[in-house]
Amino acid sequence: MKAEAATYAAMAFALTVLVACSGVPSAAPASGADPVMGVIKDPAATGGEQLGYLNAATTPDASQIIPPAPKEGEARNDVDWSIFRATRSFEGSERWKLAINDDSYKPEDLLKDFSCSVDAQLTVAKAPTLAKILARVGTDASNAAAGAKNLYKRTRPFLHNPGNICIERSDGLVKSFDYPSGHASASWVEGLVIAELAPDRATQVLQRARGYGESRIVCGLHNWSAVESGRTNGASVFAALHSSQAFRTDMAKAREELDTARKSGAKPDAAACAKEAELTKPLAVK
Amino acid sequence: MKTSAIVFGLLALAAPAFAQQPAQDGQGVAAQARRLPGYLTAATTPDAYATIPPAPQAGEPRNDADWKIFRDTRALEGSERWKLAQNDNALTSADLLKDFSCSVGATLTRENAPTLATLISRVTVDAGSAANRAKDIYKRTRPFLNNPGNICIDRNGGIANSYDYPSGHSSLGWAVGLVLAQIAPDRTTGVLARARAYGESRIVCGVHNWSAVEAGRTNASGVYAALQGNAEFKADLEKARAEVEAAARSGPRPDAAACSKEVELSKPLQLK
């Protein structure tokens with residue numbers, strides 16, 4: 006909930022910067038620091054880890070890449086709202102609880118959330134570089150989404166349909182936009198990062214990453230279309246990241262951390278992992 | 656039977672050096688024995704059945720949207736966008752090099768980018784392999800079999816014998832787009848707009864549902880991530896990068912008028 010509000014504050018900030026930069030996706034930091042357009046500051050030098058790896062020139066612009074946001078009266082909008090209403094029946098279920106869990110995107114929580122899928126207990130202590138990557142690529146995903154969010158200004162499904170959501174309704178949620186989902190964008194690029202580091206677990210990792218994005222639908226915060234487009238945006242960011250030397254250097258370190266954790270570390274709880282695998286099966290919606 | 660057709664169809668995509676005509680889904684059985692392999696193994700190929708959403712079923716809102724979009728987009732018949740969809744039906748490496756030349760900013764051919772051509776063929780195989788199990792489990796049929804209206808290619812050419820979800824064309828177009836974005840990072844947005852349009856051409860053509868094209872992108876991004884863990888792919892990628900840089904430096908520029916027309920036609924597909 007706090008994380009959610011912080012993100013949307015950051016996104017609103019990114020949007021402001023975006024406008025200031027005449028529509029070019031910016032490398033705005035997710036904190037309140039003054040952005041420098043087109044420059045990636047070294048986070049070690051600034052003491053923060055909210056900066057992304059990409060700059061204005063290398064950040065893909067989702068507004069040109071993803072499909073348009075559905076509008077009222079269109080078939081895709083009917084799908085979105087129908088799915089919102091249908092998924093209100095999940096309230097209180099195990100899947101609902103997973104959606105509440107997935108509201109957090111702090112690196113320590115993400116490492117825990119992906120632990121089952123890579124079959125290793127991941128923590129910030131064991132995988133500090135991976136933790137840093139997850140934070141930074143999340144910022145890149147938000148920055149890439151900002152242009153489209155601001156172009157379409159699509160509002161969230163719970164503002165148009167009756168039903169509860171899985172977290173507290175905040176001002177930040179009401180005032181921030183739906184399309185594409187920043188959470189789905191970030192979790193998909195994070196899943197792709199981890200799949201690259203553990204290609205033999207790619208299926209499980211990406212199942213979890215899809216489940217993480219779908220948690221936004223179950224929670225009622227995002228439309229189905231916004232989560233789909235989040236994956237497209239996340240993949241775009243992932244491709245762009247491979248041209249960042251800092252990203253590649255961090256990935257090499259993260260691979261060592263992950264390999265060590267997988268070889269010698271403790272395994273995640275088998276029963277909990279089986280339950281998670283069951284809950285992250287493709288979301289069937291009538 | 657249908658599964659075999661799909662498998663052979665995907666394998667056929669891998670043999671551009673032997674394909675004399677643009678291949679189509681469901682064609683190219685004879686090419687099977689001469690195919691190039693993908694880079695990934697069974698162990699490192701992501702299984703789209705786990706990574707993509709389920710295929711819509713009749714009666715579900717997603718199915719209603721798919722079929723409505725099919726019917727609405729029949730109005731594009733004969734338009735410039737329809738012609739682009741016909742063009743995008745071709746999927747040999749030579750065709751893809753041509754189709755992405757504008758967005759990359761270099762005239763790419765099999766002669767000036769031989770490693771990239773091979774890489775594209777092999778990535779195409781991997782994108783198809785990742786999709787196969789989901790196609791076979793969902794067995795979703797194509798929209799033109801369930802709705803009235805023309806499609807942009809010959810409906811008797813084998814297309815009806817293979818499955819809709821996820822789209823193999825959208826998968827391979829998005830995978831190739833991600834690869835080219837990695838090779839030409841200053842062109843990422845344009846390259847990926849073209850890659851999305853390449854998948855959307857299947858919707859315009861009428862041979863794939865909207866949902867299948869969306870799921871194709873999800874499938875392909877998983878394949879692309881898995882490829883980053885493959886040493887052979889990475890070595891080829893660096894060679895391909897040098898080829899593209901040389902072509903951009905010294906080769907002829909793609910035709911500016913044709914490229915601006917393509918950019919216009921590749922804008923996100925507007926639907927009602």
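Chains A and B are the protein sequences, given in the same order.
Quick note: the first sequence uses the working numbering, first residue 6, plus one each step.
Quick note: the second sequence uses the working numbering, first residue 656, plus one each step.
For every residue, glycine included, the Cβ atom is placed at its ideal position computed from N, Cα and C.
CB of residue i within 8 angstroms of CB of residue j, strictly
| i | j | result |
| --- | --- | --- |
| A/Y299 | A/S192 | What the structure shows of chain A is the stretch from 6 to 291, and residue 299 of chain A is not part of that stretch, so it cannot be assessed. |
| B/L926 | B/D727 | yes |
| B/G845 | B/S756 | no |
| A/Q126 | A/P287 | no |
| A/A153 | A/P185 | yes |
| A/A240 | A/I138 | no |
| B/T770 | B/A895 | yes |
| B/A867 | B/D791 | no |
| B/A720 | A/D83 | yes |
| B/G783 | B/G823 | yes |
| B/L833 | B/S776 | no |
| B/G884 | B/T762 | no |
| A/K102 | A/G270 | no |
| B/L924 | A/P72 | yes |
Burial state of residue i, where buried means 16 or more other Cβ atoms lie within 10 Å
| i | result |
| --- | --- |
| A/G52 | With a pLDDT of only 41 at A/G52, under 50, the local geometry of the prediction cannot be trusted, and the value read off the model is given with reservation. With fewer than 16 other Cβ atoms within 10 Å, it is exposed. |
| A/A275 | exposed |
| B/G693 | buried |
| B/K889 | exposed |
| B/P909 | buried |
| A/N148 | buried |
| B/S921 | buried |
| A/T285 | buried |
| B/H863 | buried |
| B/E919 | exposed |
| B/R717 | buried |
| B/A786 | buried |
Within-8 angstroms CB hit, residue i to chain B
| i | result |
| --- | --- |
| A/Q212 | yes |
| A/A62 | yes |
| A/L197 | yes |
| A/R161 | no |
| A/K268 | no |
| A/P185 | no |
| A/S248 | yes |
| A/L288 | yes |
Within-8 angstroms CB hit, residue i to chain A
| i | result |
| --- | --- |
| B/I724 | yes |
| B/T770 | no |
| B/D743 | no |
| B/S856 | no |
| B/Q676 | At B/Q676 the pLDDT is 35, less than 50, meaning the model places this residue with poor confidence and gives no usable figure here. |
| B/G823 | no |
| B/L924 | yes |
Cross-chain neighbours of residue i in chain A, by beta carbon under 8 angstroms
| i | result |
| --- | --- |
| B/R851 | I70, I71, P72 and T237 |
| B/A698 | D205 |
| B/A881 | A200, E201, P204 and A207 |
| B/G812 | Here the premise fails: no neighbours, minimum Cβ distance about 28 angstroms. |
| B/P701 | A200, A207, T208 and L211 |
Chain-ordered chain B contacts of residue i [CB-CB under 8 angstroms]
| i | result |
| --- | --- |
| A/P65 | A836, T843, T844 and L847 |
| A/V84 | P716, R717, D719 and A720 |
| A/K137 | Within chain B, no residue comes near A/K137; the closest Cβ sits about 18 angstroms away, beyond 8 angstroms. |
Residues that residue i contacts on chain B, provided the C-beta gap is smaller than 9 angstroms
| i | result |
| --- | --- |
| A/R215 | A705, T706, I707, P708 and T873 |
| A/K291 | Q712, G714, E715 and P716 |
Listed by chain order, chain B residues near residue i by CB distance under 7 angstroms
| i | result |
| --- | --- |
| A/A245 | A836, P840 and T843 |
| A/S87 | P716 |
Proximal chain A residues relative to residue i, where beta-carbon distance stays under 7 angstroms
| i | result |
| --- | --- |
| B/G877 | A200, A207 and L211 |
| B/L833 | A240 and A244 |
| B/A782 | None at all; the shortest Cβ gap to chain A is about 13 angstroms. |
| B/K927 | E79 |
| B/E869 | E233 |
| B/G884 | E201 and P204 |
Requested in this report: Tell me, please, whether the stretch 820-829 of chain B touches the stretch 848-864 of chain B by the rule of three or more beta-carbon pairs shorter than 8 angstroms.
Outcome: yes
Requested in this report: Would you check if there are 3 or more beta carbon pairs closer than 8 angstroms linking the stretch 94-111 of chain A to the stretch 242-258 of chain A?
Outcome: no
Query raised in the report: Just checking, does the stretch 797-809 of chain B make contact with the stretch 719-739 of chain B on the three C-beta pairs under 8 angstroms criterion?
Result: yes
Report task. Check whether the stretch 80-90 of chain A touches the stretch 227-243 of chain A, counting contact only when three or more Cβ pairs, one atom from each stretch, lie closer than 8 angstroms. Result -> yes
Query raised in the report: With contact counted as at least three CB pairs below 8 angstroms, one residue from each stretch, are the stretch 833-845 of chain B and the stretch 793-801 of chain B in contact?
Result: no
Query - Against chain D: residues of the stretch 886-914 of chain B by CB proximity under 8 angstroms - result: Here chain D cannot be found, since the structure's protein chains are A and B.
Query raised in the report: Can we say the stretch 204-223 of chain A touches the stretch 702-712 of chain B, given the rule of at least three CB pairs closer than 8 angstroms?
Result: yes
Query - the stretch 733-749 of chain B touching the stretch 106-121 of chain A, judged by at least three CB pairs closer than 8 angstroms - result: no
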